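Participant: This is the structure I want to talk about, given as structure tokens.
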Amino acid sequence: MSDARGSVLRIPRFRRLLQVMSATVFAEFLLESVVYCWIVAATAADPGVRSLLLGSYVVLSTIPRIFGAAAMGVFSDSLGAALSLRISTAARAGLAAVAVAGASLGRAEVPVVAVILFALVVACSTANQLFTAARAKAVQRFVPQEQRGHASSLSMTVLTGLSIVAASLGPFAFSLAGLEVCLLLITGLFAVGAALAFAGFSRNGRGDDLPPSTRLGFLTALVEGWKATWTVRRLRVVLLGSVLYGVPLGVNNVALVLLWVDTKGGTLIDYGIGSSLFGVGGFVGAVAAHRLVNRGDLHRLFAASLGALGISYALLAWTPDHVVSFGLMFASGFVFSLYAVVQSPILLEAAPPELTGRVVSTTASVAALSSLVAAAVVSLLFALPGAGDSLVPWAVCLGGAVTVLGGALLLFRGRDMGEPAPGAVASLREN
Numbered sequence: 001m002s003d004a005r006g007s008v009l010r011i012p013r014f015r016r017l018l019q020v021m022s023a024t025v026f027a028e029f030l031l032e033s034v035v036y037c038w039i040v041a042a043t044a045a046d047p048g049v050r051s052l053l054l055g056s057y058v059v060l061s062t063i064p065r066i067f068g069a070a071a072m073g074v075f076s077d078s079l080g081a082a083l084s085l086r087i088s089t090a091a092r093a094g095l096a097a098v099a100v101a102g103a104s105l106g107r108a109e110v111p112v113v114a115v116i117l118f119a120l121v122v123a124c125s126t127a128n129q130l131f132t133a134a135r136a137k138a139v140q141r142f143v144p145q146e147q148r149g150h151a152s153s154l155s156m157t158v159l160t161g162l163s164i165v166a167a168s169l170g171p172f173a174f175s176l177a178g179l180e181v182c183l184l185l186i187t188g189l190f191a192v193g194a195a196l197a198f199a200g201f202s203r204n205g206r207g208d209d210l211p212p213s214t215r216l217g218f219l220t221a222l223v224e225g226w227k228a229t230w231t232v233r234r235l236r237v238v239l240l241g242s243v244l245y246g247v248p249l250g251v252n253n254v255a256l257v258l259l260w261v262d263t264k265g266g267t268l269i270d271y272g273i274g275s276s277l278f279g280v281g282g283f284v285g286a287v288a289a290h291r292l293v294n295r296g297d298l299h300r301l302f303a304a305s306l307g308a309l310g311i312s313y314a315l316l317a318w319t320p321d322h323v324v325s326f327g328l329m330f331a332s333g334f335v336f337s338l339y340a341v342v343q344s345p346i347l348l349e350a351a352p353p354e355l356t357g358r359v360v361s362t363t364a365s366v367a368a369l370s371s372l373v374a375a376a377v378v379s380l381l382f383a384l385p386g387a388g389d390s391l392v393p394w395a396v397c398l399g400g401a402v403t404v405l406g407g408a409l410l411l412f413r414g415r416d417m418g419e420p421a422p423g424a425v426a427s428l429r430e431n
């Protein structure tokens with residue numbers, strides 16, 4: 001058998017997909033970093049407005065991952081991978097160009113620029129849901145099953161590396177050149193991604209088949225994807241894992257900075273170092289993941305990595321020492337990366353090709369929804385009269401405990417996972 005590590009990059013369509021993903025994902029990460037920088041700089045004299053804008057940004061950037069993903073999954077299955085990739089990349093390039101013009105005209109008005117940036121974030125995030133579903137369909141179509149573990153590991157390595165670079169480049173570029181130049185750079189990156197997508201994934205090119213689901217109505221197709229995700233046992237395991245993962249994600253979005261600053265007595269710099277180490281751990285985990293994926297049982301690795309992530313968070317909640325906490329952040333990033341890498345080949349193996357976009361979008365939607373609910377619950381608890389700093393480590397610990405218990409349950413229930421039934425989709429349509 002050939003070495004999967006070497007052969008996956010010899011697949012022309014996957015190599016081009018990786019190039020498109022690199023350009024567009026880097027633009028997305030850079031946009032997120034620049035928007036945060038602009039909010040902080042534009043509202044320096046008004047902390048109340050800053051809190052309002054930051055909260056609005058978090059909510060608006062989450063909505064497309066919950067609601068937009070479901071619709072984009074249906075569209076990706078209807079349009080096919082190639083056309084979906086072209087539309088999602090070209091749309092973001094055009095939207096970013098419009099935002100550049102709008103920000104230049106309204107640069108003196110904070111409300112105007114805020115509306116422009118938030119509209120751009122929502123639109124780009126929605127288009128990214130289409131891109132994510134189409135990317136999964138392309139991998140399923142062009143990458144053999146035995147090489148998908150390395151394809152997922154390689155993609156995760158690129159994503160993590162770009163996120164680290166964007167987190168550093170965003171503040172530097174914004175401080176040096178300003179908002180308009182940063183938006184021009186983002187527009188250029190989206191344009192490069194669109195050009196690569198148009199050149200590498202021709203609409204009439206070989207291998208881009210339109211599935212039978214194009215004959216279904218939108219709601220029928222949407223429900224069909226939900227049914228498949230719950231009915232096929234392997235997909236149900238991933239779906240439940242996504243719900244469980246969303247709980248500590250939402251909790252930590254609210255509580256992690258408070259844990260570092262209030263409970264551990266650190267500074268924002270300490271929190272920043274810990275967050276950076278999470279990213280570094282994720283990068284190392286992505287690089288190492290393909291060896292574990294090739295040698296281990298995917299379902300055991302999926303459940304074990306989910307449980308290990310919860311353990312690392314629970315330990316982080318009660319560890320006062322900063323050095324140990326830094327190590328736990330690195331470990332959390334490592335096992336998160338393993339969880340993310342393992343999830344992809346499980347989905348692509350079990351999902352029927354004509355439903356892949358909807359299956360991938362459904363798992364993303366439930367993770368975002370559970371994260372939003374967890375963040376809202378924790379925020380309300382912290383806002384209760386008499387709620388002190390003592391609640392913060394308990395919240396982080398309980399969020400981790402949910403994934404530990406869930407990972408153990410998935411490990412126990414998923415020990416005897418058979419192959420997906422060939423007639424699963426047909427039986428769904430008959431019901």
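So in the working numbering, spot 430 of the sequence shown is number 430, and the numbers just go up one at a time. Using N, Cα and C, we set each Cβ at its ideal position, and we do this for glycine too. Owing to the predicted nature of the structure, the values given are computational and were not obtained by experimental measurement.
Where does Leu384 sit, in a helix, a strand or coil, going by DSSP?
Facilitator: Coil.
Participant: In angstroms, rounded to a whole number, what distance separates the CA positions of Leu210 and Ala194?
Facilitator: At Leu210 the pLDDT is 47, less than 50, meaning the model places this residue with poor confidence; the figure from the coordinates comes in the next sentence. Answer to the nearest angstrom: the Cα atoms are 21 Å apart.
Participant: Nearest to Glu236 by alpha carbon, out of Phe336, Ala303 and Leu256?
Facilitator: It is worth fixing the name first, because residue 236 is Arg in this sequence and not Glu. It is Ala303.
Participant: Are Val247 and Gly399 touching if we call contact CB-CB under 8 Å?
Facilitator: In this structure, Gly399 lies closer than 8 Å to Val247 by Cβ.
Participant: Between the alpha carbons of Thr43 and Tyr36, how many angstroms are there, rounded?
Facilitator: Distance between the alpha carbons of Thr43 and Tyr36 is about 11 Å.
Participant: So, is Trp394 buried or exposed, given that buried needs 16 or more other C-beta atoms within 10 angstroms?
Facilitator: Counting Cβ neighbours within 10 Å, Trp394 comes out exposed, since fewer than 16 surround it.
Participant: Compute the Euclidean distance between the alpha carbons of Leu9 and Val192, then round it to the nearest angstrom.
Facilitator: Leu9 and Val192: Cα-Cα distance of roughly 20 Å.
Participant: On the three-state DSSP scale, how would you describe Glu430?
Facilitator: Below a pLDDT of 50, predicted positions are generally treated as unreliable, and Glu430, at 48, falls in that range; the measurement from the model is reported next regardless. Reduced to three states, the DSSP call for Glu430 is helix.
Participant: Given Phe326, which residues of its chain have a CB within under 8 Å of its CB, disregarding the five upstream and five downstream residues?
Facilitator: Around Phe326: Ile273, Gly274 and Leu277.
Participant: Please report the residue range of the alpha helix (DSSP H) in which Phe118 lies.
Facilitator: Run containing Phe118: Val110 to Phe142, per the alpha helix (DSSP H) assignment.
Participant: How about the segment 57 to 65 and the segment 118 to 132: do they share at least three Cβ pairs that are nearer than 8 Å?
Facilitator: With the cut-off at 8 Å, the segment 57 to 65 and the segment 118 to 132 touch.
Participant: Lys264 lies in the alpha helix (DSSP H); which residues open and close that run?
Facilitator: Run containing Lys264: none; DSSP gives neither H nor E here.
Participant: Between which two residues does the alpha helix (DSSP H) harbouring Ser76 extend?
Facilitator: Ala69 to Leu79 is the extent of the alpha helix (DSSP H) around Ser76.
Participant: Any idea what DSSP makes of Asp3, helix, strand or coil?
Facilitator: Reliability fails at Asp3, whose pLDDT of 47 lies under 50, so the model's placement of it is uncertain and no value is given.
Participant: Extract the residue ranges of the alpha helix (DSSP H) inside the segment 327 to 393, only unbroken runs of 4 or more that lie entirely within it.
Facilitator: Listed in chain order, they are 356 to 383.
Participant: Tell me which residue opens and which closes the alpha helix (DSSP H) that Phe29 is part of.
Facilitator: Looking at the DSSP string, the run of the alpha helix (DSSP H) that includes Phe29 is Pro12 to Ala42.
Participant: Could you check whether Ala136 and Arg355 sit closer than 8 Å to each other, using their CB atoms as the reference points?
Facilitator: In the sequence as presented, Arg is not what sits at residue 355; that position holds Leu. For Leu355 and Ala136, no; Cβs fall outside 8 Å.
Participant: Identify the continuous alpha helix (DSSP H) that holds Pro171 and give its terminal residues.
Facilitator: Segment Arg148 to Ala177, the alpha helix (DSSP H) holding Pro171.
Participant: Could you give the DSSP three-state label for Gly217: helix, strand or coil?
Facilitator: Gly217 falls in the coil class under three-state DSSP.
Participant: Which parts of the segment 233 to 262 are runs of the beta strand (DSSP E), unbroken and 3 residues or longer, counting only runs that do not cross its ends?
Facilitator: Counting whole runs of 3 or more residues, the segment 233 to 262 contains no beta strand (DSSP E) stretch at all.
Participant: Would you be able to state if there are at least three C-beta pairs under 8 Å between the segment 217 to 232 and the segment 108 to 123?
Facilitator: Counting Cβ pairs under 8 Å, fewer than three are found: no touch.
Participant: Return the chain-ordered list of same chain residues with a C-beta closer than 7 Å to the C-beta of Phe218, the five sequence neighbours on each side being excluded.
Facilitator: Cβ within range, chain order: Val74.
Participant: Measure from the alpha carbon of Ser88 to the alpha carbon of each residue in Phe198, Gly282 and Val158, then state which is nearest.
Facilitator: Per the Cα distances, Phe198.
Participant: Enumerate in chain order the residues of its own chain whose CB-to-CB distance from Ala340 is below 7 Å, with the five nearest sequence positions on each side excluded.
Facilitator: Met156.
Participant: Return the chain-ordered list of same chain residues with a C-beta closer than 8 Å to the C-beta of Ser2, the five sequence neighbours on each side being excluded.
Facilitator: With a pLDDT of only 41 at Ser2, under 50, the local geometry of the prediction cannot be trusted, and no value is derived from it.
Participant: Quick check on DSSP: helix, strand or coil for Pro212?
Facilitator: Caution is warranted here: a pLDDT of 45 is assigned to Pro212, below 50, making its placement in the model unreliable, and the coordinate value is therefore given only provisionally. Pro212: helix per DSSP, three-state reduction.
Participant: Taking just the CA atoms, how far does Gly149 sit from Val293?
Facilitator: The straight-line gap from Cα to Cα measures roughly 6 Å.
Participant: Return the CA-CA distance between Ser104 and Val98, expressed in angstroms with no decimal places.
Facilitator: The straight-line gap from Cα to Cα measures roughly 10 Å.
Participant: Grab me the residues of Lys264's own chain with a C-beta within less than 7 Å of its C-beta, minus the 5 sequence neighbours each way, in chain order.
Facilitator: Cβ within range, chain order: Pro320, His322 and Ser325.
Participant: Starting from Ala308, trace the alpha helix (DSSP H) both ways and give me its first and last residue.
Facilitator: Leu298 to Trp318 is the span of the alpha helix (DSSP H), which, as asked, contains Ala308.
Participant: Helix or strand or just coil, what does DSSP make of Ala45?
Facilitator: Residue state, collapsed to three classes: coil.
Participant: Quick check on the burial criterion: 16 or more other C-beta atoms within 10 angstroms. Buried or exposed for Leu154?
Facilitator: Leu154 should be labelled buried.
Participant: Are there 16 or more other CB atoms within 10 angstroms of the CB of Arg358, so buried, or fewer, so exposed?
Facilitator: Under this definition Arg358 is a buried residue.
Participant: Please classify Gly48: is it buried, with 16 or more other beta-carbons within 10 angstroms of its beta-carbon, or exposed?
Facilitator: It counts as exposed.
Participant: Near Ile66, which residues of its chain fall below 6 Å by C-beta distance, leaving aside the five closest residues on each side in sequence?
Facilitator: Result list for Ile66: Ser365, Ala368 and Leu369, in chain order.
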